[in-house]
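Residues in the sequence shown are numbered from 1012 upward in steps of one, following my numbering. Even glycine gets a Cβ: it sits at the ideal position worked out from N, Cα and C. What follows is one structure encoded as structure tokens, with my remarks underneath.
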Amino acid sequence: MERHITDLIKKSLGDVTGAEFRMFMDFLKSLSIFGEKAPPERLKELIGIIEGQADLDAQFDVSDADHIDRLISCLFMAIPFFVRGAPGSKFLNYLNKHIIPVFDKLPEERKLDLLKALAEISPYTTPQDSRQVLPSVVQLLKKYMPRRKTGEETNFTYVECLLFSFHHLAHKAPNASNSLCGYKIVTGQPSDRLGEDFSEYYKDFTERLSSVEDLTRATIKKLTQGMAEHNKAMAAAKSDEAKDNIKTLKQNTTTGLRTCNNILVMTKPLHLKTPAFIGDKSVNLSWKEAIKPSALSTTTATGVKRPAAGSGSNNLAIKKGRGAGNMQNQLVNRALEGISYGGSGGRGRGRGWGRRGRGRGYR
């Protein structure tokens, strides 16, 4: 029965809004066939559904804001499945080939979302994918870690994201960093390229590290002073509105301090000729809550809660007064009735992930 329901839902995905697609995915995750003990082929099936909505077979147009929104939304939706071992190669290859090369042309508000998604995915990449994506990450990292002070404001969250991605990708393909950053990592493979001189790359990269470290320490000093001022202001605040505003400032300052501290933790080992790349959970990204060993984070980089990777009745909890459960029931009923707007297997015109949508039906 669950298999039949899944097939009907997949046929209905050619004409769905972003909110409807998320509800469909939440419902599918609640089915036992996609539960915690689901075999790899089931996870691959779910990732395939998300890849279809992301339209990864389409030629990328940087002016297509709808596709960008849908791609990033689907990317975050896929992360819990990457954590469970689902393959992310198609997403990574698309990012590497189509998105990162035109990163400067992306809408400003989506750049950070993309880098956060890349950072969250990086611990779950394969060595082969890591080797392919690493050069693009290094180029972006150099862009946002200038060799000398330029007077331009440093985006520390960009740097945090890229350093985190760099560490986890390089941890899986360490000798790929030799020709990119001038390191001397020996694996015994021809790709070590130990006979070549990359000393200038090492000098360039470590100077960039030192420059961003100086800026980071100066920012930590300012943020620490700012926190002291916020505490004084909070003690003197009278109205609830004033207290709420100060609380928000304190939260932002705390996140900024976490970002800066993460940067210093990640740059320190990179000054060595043979660095030990971080490949564990010792660095917790600044926008994420501390993760307990027994639980996965349920918060996306954009601050919107998503269901945990597991399944179960909690995923289908109906929030009273919000109508979410009723909407979900309607969607499931629609699928069960066999209504399919893109079910022929081709891409249909959906009803929008912002302005217009392009879903994909499935056989």
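query	result
Applying the criterion that 16 or more other CB atoms from any shown protein chain within 10 Å of the CB defines a buried residue, is Met1012 buried or exposed?	exposed
So, with DSSP's three-state summary, where would you put Asn1263?	helix
Buried or exposed for Asp1080, going by 16 or more other Cβ atoms inside 10 Å?	buried
When you compare the region 1179-1195 with the region 1238-1250, are there three or more beta-carbon pairs, one atom per stretch, that lie closer than 8 Å?	no
Give me, in chain order, the residues of the same chain whose beta-carbon lies closer than 7 Å to that of Leu1173; leave out the 5 immediate sequence neighbours on both sides.	Leu1126, Val1148, Leu1151, Leu1152, Tyr1155
Would the beta-carbon of Arg1269 fall within 7 Å of that of Ser1297?	yes
At the level of alpha carbons, what is the spacing between Asn1256 and Gly1025?	44 Å
Just confirm the distance between the C-beta atoms of Phe1177 and Gly1193, as a whole number of angstroms; I'd bet it's less than 8 Å.	So it is not a contact: roughly 14 Å between Cβ atoms.
Which full runs of the alpha helix (DSSP H) of 4+ residues lie inside the region 1021-1080, going along the chain?	1029-1041, 1051-1065
Hey, how far is the Cα of Asn1272 from the Cα of Lys1101?	33 Å
Using the Cα positions of Ala1239 and Glu1252, report the straight-line distance between them to the nearest angstrom.	20 Å
CB-CB under 8 Å to Ile1060, same chain, minus the five flanking residues each way: which ones, in chain order?	Lys1021, Leu1024, Met1036, Leu1039, Tyr1373
Which whole-angstrom value describes the C-beta separation of Thr1278 and Glu1224, a residue pair presumed to lie in contact below a C-beta threshold of 8 Å?	5 Å
Looking at the structure shown, is Val1170 part of a helix, part of a strand, or coil, going by DSSP?	helix
In or out: Gly1206 buried (at least 16 other Cβ within 10 Å) or exposed?	exposed
Which class does Asn1295 belong to by DSSP, given the choice of helix, strand or coil?	coil
For Thr1168, count the other beta carbons within 10 Å of its own beta carbon; 16 or more makes it buried, fewer makes it exposed. Which is it?	buried
Are the region 1041-1056 and the region 1068-1080 touching by the rule of at least three beta carbon pairs closer than 8 Å?	no
Comparing alpha-carbon positions, which option in Gly1290, Asp1291, Lys1299 lies nearest Phe1262?	The identity of residue 1262 in the sequence shown is Gln, whereas the question assumes Phe. The shortest Cα separation from Gln1262 among Gly1290, Asp1291, Lys1299 belongs to Lys1299.
Rounded to the nearest angstrom, what separates Arg1033 and Ile1016 at their Cα positions?	16 Å
Look at the Cβ atom of Phe1092, then the Cβ atom of Leu1054, and state whether they are nearer than 7 Å.	yes
Nearest to Leu1082 by CA position, among Leu1057, Arg1095, Ile1110, Glu1163, is which residue?	Ile1110
Given Glu1218, which residues of its chain have a CB within under 6 Å of its CB, disregarding the five upstream and five downstream residues?	Arg1158
Would you mind working out which of Leu1180, Ser1210, Tyr1135 sits nearest Ser1141, comparing C-alpha positions?	Leu1180
What ranges does the alpha helix (DSSP H) occupy inside the region 1074-1150, keeping only unbroken runs of at least 4 residues that lie completely in it?	1076-1094, 1100-1105, 1119-1132
By how many angstroms is the C-alpha of Lys1214 removed from the C-alpha of Leu1281?	12 Å
By how many angstroms is the C-alpha of Ala1089 removed from the C-alpha of Ala1030?	15 Å
Starting from the Cα of Glu1120, find the closest Cα among Ala1076, Ala1229, Ile1058 and give me that residue.	Ala1076
Which complete alpha helix (DSSP H) runs does the region 1163-1229 hold, if anything under 4 residues is left out?	1167-1183, 1189-1192
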